[in-house]
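*Asks:* Take this structure first; my questions come after.
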Amino acid sequence: MTPARKKRLTLIILMVAGIAVGVGFALKALNENIMFFFSPADIQAGKAPANKDFRVGGLVVEGTVKRPGEGLTVEFNLTDNDSVVKVKYTGILPDLFREGQGIIANGRLNDKGEFIASEVLAKHDENYMPPEVMDAMKKSGQKMPGMDKKGI
Amino acid sequence: MFKWFVKWFHRMGSPPHFYRFAGSWLPWLTVVFTVLTVAGLYGGLVLAPPDYQQGESYRIIFIHVPAAWMSMFIYMVMASCGIIVLVWRMKLAEVVLICSAPIGASFTFLALVTGSLWGKPMWGTYWVWDARLTSELILLFLYLGVIGLYGAIDEKRVAGRAVAILAIVGMINIPIIHYSVEWWNSLHQGATVTKMDKPSIHWTMLVPLLLMALSFKVYFIISLFQRVRAELLHRERNSRWVEELFRS
Amino acid sequence: MSALLQTRDLCCVKDDRVLFEGMNLALKAGQILLVEGKNGSGKTSLLRILTGLSLPESGDVLWQGRPISEVGADYYEQVNYVGHHDGIKRDLTCLENLRLVQAMGKPLPIDLDDALEKVNLYRFGDNYVATLSAGQKRRLALARLVVTEAQLWIMDEPFTSLDKASMAMFQEMFEQHLEKGGVIVLTSHHDIEMPQSDVVRLNLSE
Amino acid sequence: MKRLSLSQAFWFLLRRDLLLAFRNRSEMANPLLFFVLVITLFPLAIGAEPNLLARIAPGIIWVAALLASMLSLDGIFRSDFDDGTLEQMLLSAHPVPVLVLAKVTAHWLVTGLPLLLVAPLLAMMLGLDEDAYGILLLTILLGTPVLSLIGSIGVALTVGLRKGGIILSLLVLPLYVPVLIFSSSAIDVAASGLPATAQISMMLAFLFLALSLSPVATAAALKMSMS
Chain A
45 MTPARKKRLT
55 LIILMVAGIA
65 VGVGFALKAL
75 NENIMFFFSP
85 ADIQAGKAPA
95 NKDFRVGGLV
105 VEGTVKRPGE
115 GLTVEFNLTD
125 NDSVVKVKYT
135 GILPDLFREG
145 QGIIANGRLN
155 DKGEFIASEV
165 LAKHDENYMP
175 PEVMDAMKKS
185 GQKMPGMDKK
195 GI
Chain B
639 MFKWFVKWFH
649 RMGSPPHFYR
659 FAGSWLPWLT
669 VVFTVLTVAG
679 LYGGLVLAPP
689 DYQQGESYRI
699 IFIHVPAAWM
709 SMFIYMVMAS
719 CGIIVLVWRM
729 KLAEVVLICS
739 APIGASFTFL
749 ALVTGSLWGK
759 PMWGTYWVWD
769 ARLTSELILL
779 FLYLGVIGLY
789 GAIDEKRVAG
799 RAVAILAIVG
809 MINIPIIHYS
819 VEWWNSLHQG
829 ATVTKMDKPS
839 IHWTMLVPLL
849 LMALSFKVYF
859 IISLFQRVRA
869 ELLHRERNSR
879 WVEELFRS
Chain C
-15 MSALLQTRDL
-5 CCVKDDRVLF
5 EGMNLALKAG
15 QILLVEGKNG
25 SGKTSLLRIL
35 TGLSLPESGD
45 VLWQGRPISE
55 VGADYYEQVN
65 YVGHHDGIKR
75 DLTCLENLRL
85 VQAMGKPLPI
95 DLDDALEKVN
105 LYRFGDNYVA
115 TLSAGQKRRL
125 ALARLVVTEA
135 QLWIMDEPFT
145 SLDKASMAMF
155 QEMFEQHLEK
165 GGVIVLTSHH
175 DIEMPQSDVV
185 RLNLSE
Chain D
-1 MKRLSLSQAF
9 WFLLRRDLLL
19 AFRNRSEMAN
29 PLLFFVLVIT
39 LFPLAIGAEP
49 NLLARIAPGI
59 IWVAALLASM
69 LSLDGIFRSD
79 FDDGTLEQML
89 LSAHPVPVLV
99 LAKVTAHWLV
109 TGLPLLLVAP
119 LLAMMLGLDE
129 DAYGILLLTI
139 LLGTPVLSLI
149 GSIGVALTVG
159 LRKGGIILSL
169 LVLPLYVPVL
179 IFSSSAIDVA
189 ASGLPATAQI
199 SMMLAFLFLA
209 LSLSPVATAA
219 ALKMSMS
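Residue numbers (this note's numbering), protein chains in the order written: chain A, 45 to 196; chain B, 639 to 886; chain C, -15 to 190; chain D, -1 to 225.
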C-alpha cells in the first residue's frame, strides 16, 4: 500500500470510529430518562423538586373537577393510575380539558403537597373515531391503543 | 435491467428530453390531481363523521397531515438530489433541488398555519413551543436557508453545488433536531397512520386522508415540473434546443 | 517520452459563455506552456482547472495519463501554484510564511534561507510581510516555487509588480526548472524570452 | 525525499492561526466582550427579580454563547480567503479535512475556550443555582467546539459572497438548535438537583459526530467556494 493510501485509510477508520462513538453516546442518552416531567407517582415518592417549577403529566380523575370560588379557579385530581396529586389552577382551560383527559401542567408544589399550576395544556390522543364507534369500543371494554402510554 | 435504468437515468438528465417529457405529462397529472382533491375533500369534509373527542375541528387533519408529510418528503427529495449533484454533477438534479425548495417551504408553512389554527381549540393556544411545531419551524428555516444561499451566489452551477452540500448537512440534522425538540417538550400526539400495529384511525377518516396525501404528492410533481421547465429554459437560454423550441 | 500533463476535450463555460471547448493539450517534461489571450478569454479559468481548484464543464485533466481527480494527493505533491493572490500572510514574517508552505506536504529540497537568497530577500527573513513592498511580496510568493520540489509550476501573471532585473532572475529560474525536467504553465502580459527552452504557445482569443 | 508529515502540518497550521490571533489580540477579545454584554442586557430588559433571572440563566448564557460564537465564525476563513492562503491550503498534498480541523481547533481555542473563564462569574451574577456550575462548565466545554465545527460549514459555504453575513446566520442557527436545547436543559436539570447524564451523553454524541463529519463537509464547501 502506498503511504498516501495508508494515510487515507487511517483517516477513514478514525472517522468511522468517531461516528460509532457518537452514535454510542446517543443510544446511551436515549436509554436514560430525559423527559423532565414528573408523574403523580414521582411526586408521591418525593422525587419532584421543592420550590422549583416543574411539569407534571397525567389523567384528570373523573368526578374531581370543582370550581370552589366564583372566579376562574379550578381544582382537580391528576392520576397516573397509581398515585394522585391535587392540582389548583386559575385561568381559562383549553376546550379539550375534560375528565379522563390527559393533561400537562406547569407549576410548583406548595407546602400542603398540592400542585399550583401556572399553565394547563390538554393533550389529545392520536385516535380519530366517530363517537358511535368510540362508544361501542368502550362498551365492549376494548382498550384504546395508545392510552396506556407512559406519562399520559 | 440495471443497464436500462442507467440509460433512462442519463436520458432524463438531458434538459431538452426532460423538458418535453414533463410537458407531455402535465395535462394528465392535472386531471389526476383534480380527481384526487375533489374526492379527498368530499370524503373528508362531507362523508367522514365527526370525531368522538374533537368534534368537527379535527377535519383540519385532511390538510394539515398531508402538508406535514410533504414538508419532510420534499426535504428528502432535495437531499437525494444533493447527493446526485455532488457525485455525478448532474445538471437536472441541481435544478430539481432548487425548484423543490420553495414548494417545500410553502408546504411547511401550510402545515404550521393549519397546525396553529388547530391548536387553538384543541390545546387552548395558537402556538406552543411543542416538539413537532418547533422542529417544523426549524425545517422552514432550513428551507429558507437553501433558497437564500442559492440566491446569493451568482454563478448558478456553483450555487447548485453549495445548496447540495447544505441540503445534505440539513438532512443529517433533521432527525437530531426532531428528537432533541421532542425530548425537550412533548405535547403533540403520537403518529397515527404510520404506527406499525393497526392504525388508530377509523377507515372513514383514513381513506380521505390518504387521498389528500396522494393529491398533495401529485400537486408537488405538477408544480415541480413547471418550475423545472421554466428554470431549464432560463438556464439554457443560449443553447440550441431552446432556440429551436421558440423558432418553431 | 509520453506527456506529463494532458487535457482531454476540456470545455469551460462561465456565466453561460463558452470560453473554450474541445481543448487537447499535451506537455512533456521540459516544456513550458505560455497561455495568451485578451482579458476575460479564460486564461485564469484554464489555469485553475489545471490545478483542480475549478471543475471543467466537461473533459479531463490528466497527470501521467490518469485524471487528476483519481491521482489526488500524488498530483498535489507535484503542483506549485502562484495565483493572482500572493497567498502569504501579512502578519507573519517571511520565514514563517515559507515554513507554512513547506508544511503542506510537498517534497523539501532546500533550506529556507537559500530560498530567500534565490529571490533576493535574504535579509528580510524575520521581517513582517506587511512591511514589504508589492514587488518584494511577489518575490516571496514566487519563493514558494523553490522551497518545495514540485515538478509542475502553474503561474498566473507571475511578473506583476516586478522590475526588469527580477523578471530576468525568475526567467533564469524557470529555465533551470525546465532543464531539470519540470513543466511550467503560465500566463503573462510581459514578453517572455526563453530561447533555450521548448516553448508552446496557446492563444485563447483565436 | 524528506517531507513534513500530516500531524506536523496540523500543528503548524494550528500554531500559525494561534500566532496570528495573538498578533491581533485586540480582536481576540471581541467575542468574549460580546458574550458579557449580551448577558448584562437581560437583567436590564426583563428586570432584576432574582428568581426569574435564576430560572432563565441557563438559557441566557447559552443564547449569548451561541451568538458570540456565530459572530466570530467569519474569522475562520475570511482572511485566508482574501489573501489566497486558503487556495494554497486546498492545493496541499494533505487531506484538506484535517487541515480544516486544525483551523477550526485554533478558532475554538481563541473564541470558545475563553467563555469557560467568564461563564461562572456571569452565572453567579444571574444567581444560578450553585449545584449547576459544574454542569454549566461542562456544557460549554462540550458545546462550543460543536458550534465552531458546525459553523465552519456555514462559513465555508458563504466565504466567497460579498454579503454572506445574514445568510450565514440563516444557515447556521437552525443547525445550532440541538446544542442549545441539550446544554440549557442539562444546566436546568442540574439546577433542580437532578443528574444530567442523559443530556451530557447527548452532547458528547454531538461532539463526536461533528468532529468526524463536519470537517469533510467544510472541505467540500471550501472547494465549492473557491471554484
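From the three backbone atoms N, C-alpha and C, an ideal C-beta is built for every residue, glycine too.
1) On the CB-based measure, 16 or more other CB atoms within 10 Å of its CB, does T216 of chain D come out buried or exposed?
2) In its own chain, which residues sit with a C-beta less than 6 angstroms from the C-beta of A802 of chain B, not counting the 5 before and 5 after it?
3) CB S146 of chain D to CB G110 of chain D, shorter than 7 angstroms?
4) Can A851 of chain B and M716 of chain B be called in contact, C-beta distance under 7 angstroms?
5) Can you tell me whether N64 of chain C is buried or exposed, with buried defined as 16 or more other CB within 10 angstroms of its CB?
6) In this structure, does DSSP put E85 of chain D in helix, strand or coil?
7) Applying the 10 Å Cβ sphere with the 16-neighbour rule, what's the burial state of S145 of chain C?
8) Checking 7 angstroms against the spacing of the C-beta atoms, do P84 of chain A and V128 of chain A come in under that value?
9) Taking beta-carbon pairs under 7 angstroms, can you tell me which members of the region 771 to 800 of chain B lie near chain D?
10) Nearest to D0 of chain C by CA position, among C:E41, C:P142, C:M178 and C:M7, is which residue?
11) Between L105 of chain C and R123 of chain C, is the Cβ-Cβ spacing less than 7 angstroms?
12) Who are the neighbours of S225 of chain D on chain B, taking C-beta pairs under 7 angstroms?
13) Taking 7 angstroms as the CB-CB cut-off, is V725 of chain B touching chain D?
14) Any contact of the region 145 to 161 of chain D with the region 44 to 53 of chain D, i.e. 3+ C-beta pairs under 8 angstroms?
15) Could you compute how far the alpha carbon of V766 of chain B sits from the alpha carbon of K73 of chain C?
16) If contact means a Cβ-Cβ distance below 9 angstroms, which residues of the region 149 to 164 of chain A contact chain D?
17) What's the C-alpha gap between A91 of chain D and L3 of chain C?
18) Taking only beta carbons into account, state which residues of the region 7 to 23 of chain D come closer than 8 angstroms to chain C, listed in chain order.
19) Please list the partners that V63 of chain C has in chain D, where partner means a Cβ-to-Cβ separation under 8 angstroms.
20) I776 of chain B: which of B:V733, B:P759, B:T746 and B:G789 sits nearest, CA to CA?
21) Can you tell me whether W642 of chain B is buried or exposed, with buried defined as 16 or more other CB within 10 angstroms of its CB?
22) State the start and end residues of the unbroken beta strand (DSSP E) segment that holds D182 of chain C.
23) A89 of chain A: buried (16+ other C-beta within 10 angstroms of its C-beta) or exposed?
24) Find out if the Cβ-Cβ distance for the pair F863 of chain B, A660 of chain B is shorter than 7 angstroms.
25) Quick one: which chain D residues come within Cβ less than 8 angstroms of L55 of chain A?
26) Hey, does D(-7) of chain C have any beta-carbon neighbour from chain G nearer than 7 angstroms?
27) Taking the alpha-carbon positions, what's the A99 of chain C to R1 of chain D distance?
28) Pick out whichever of B:M760, B:S773, B:G798 and B:W726 has its Cα sitting closest to the Cα of I736 of chain B.
29) Quick one: is A64 of chain A buried, meaning 16 or more other Cβ sit within 10 Å of its Cβ, or exposed?
30) Quick one: is L159 of chain D near chain C, going by C-beta distance under 7 angstroms?
31) Along chain D, which residues have their Cβ under 8 angstroms away from the Cβ of F69 of chain A?
32) Kindly identify the DSSP beta-bridge partner or partners of W675 of chain B.
33) Take T763 of chain B as the anchor and find which of A:G135, A:N121, A:N154 and A:P93 has the nearest alpha-carbon.
34) With distances taken from CA atoms, which of D:L155, D:L134 and D:V108 is nearest L18 of chain D?
35) At a cut of 8 angstroms, does the region 131 to 143 of chain D reach the region 177 to 190 of chain D through at least three beta carbon pairs?
36) I need the straight-line Cα distance from V165 of chain C to Q86 of chain C, nearest angstrom please.
*Replies:* In short, the structure shows the following:
1) Buried.
2) These residues qualify, in order along the chain: G720, V723 and L724.
3) Yes, they are a contact pair.
4) Result no, Cβ atoms of A851 of chain B and M716 of chain B do not sit closer than 7 angstroms.
5) With 16 or more other Cβ atoms within 10 Å, it is buried.
6) Here DSSP, grouped into helix, strand and coil, assigns E85 of chain D to helix.
7) By the neighbour-count criterion, in which 16 or more other beta carbons inside 10 Å mark a residue as buried, S145 of chain C falls on the exposed side.
8) A contact, by the Cβ cut-off of 7 angstroms.
9) The residues in question are I776, F779, L780, L782, G783, G786, L787, A790, I791, V796, R799 and A800.
10) Minimum Cα distance to D0 of chain C is reached at C:E41.
11) It is a contact, given that the beta carbons lie within the stated cut-off.
12) Here the neighbours are V796.
13) Cβ-Cβ to chain D under 7 angstroms: no for V725 of chain B.
14) At 8 angstroms Cβ cutoff, the stretches do not touch.
15) Rounded to the nearest angstrom, the two C-alpha atoms are 51 angstroms apart.
16) So nothing in the stretch comes that close.
17) A91 of chain D and L3 of chain C have their C-alpha atoms spaced approximately 29 angstroms apart.
18) If you check each beta-carbon in the region 7 to 23 of chain D against every beta-carbon of chain C, the ones closer than 8 angstroms belong to A7, F10, L11, R14, L17, L18, R21 and N22.
19) By Cβ distance, chain D contributes L89.
20) Put simply, of B:V733, B:P759, B:T746 and B:G789 the residue whose alpha carbon is nearest the alpha carbon of I776 of chain B is B:T746.
21) W642 of chain B is exposed by the Cβ-count criterion.
22) D182 of chain C -> beta strand (DSSP E) spans D182 to N187.
23) So A89 of chain A ends up on the exposed side.
24) Annotated as proximal: F863 of chain B and A660 of chain B, with beta-carbon spacing under 7 angstroms.
25) Chain-order list of chain D residues neighbouring L55 of chain A: P93, P95 and V96, by C-beta distance under 8 angstroms.
26) Absent from the structure: chain G. Protein chains present are A, B, C and D.
27) A99 of chain C and R1 of chain D: Cα-Cα distance of roughly 16 angstroms.
28) Minimum Cα distance to I736 of chain B is reached at B:G798.
29) Taking all protein chains in view, the Cβ of A64 of chain A is surrounded by fewer than 16 other Cβ atoms within 10 Å, so the residue is classified as exposed.
30) Chain C contact via Cβ: absent.
31) Taking a Cβ-Cβ cut-off of 8 angstroms, the neighbours of F69 of chain A in chain D comprise S199, M200, L202, A203 and F206, given in sequence order.
32) Here the sequence assigns Thr to residue 675 of chain B, which means Trp is not the residue at that position. When DSSP reads this structure, T675 of chain B sits in no beta bridge, so it has no partner.
33) Shortest Cα-Cα distance from T763 of chain B to any of A:G135, A:N121, A:N154 and A:P93 involves A:G135.
34) Nearest to L18 of chain D by alpha-carbon distance, out of D:L155, D:L134 and D:V108, is D:V108.
35) The region 131 to 143 of chain D, when compared against the region 177 to 190 of chain D, does touch it at the 8 angstroms Cβ threshold.
36) Note that residue 165 of chain C is Gly in the sequence shown here, rather than Val. Cα-Cα distance, rounded: 21 angstroms.
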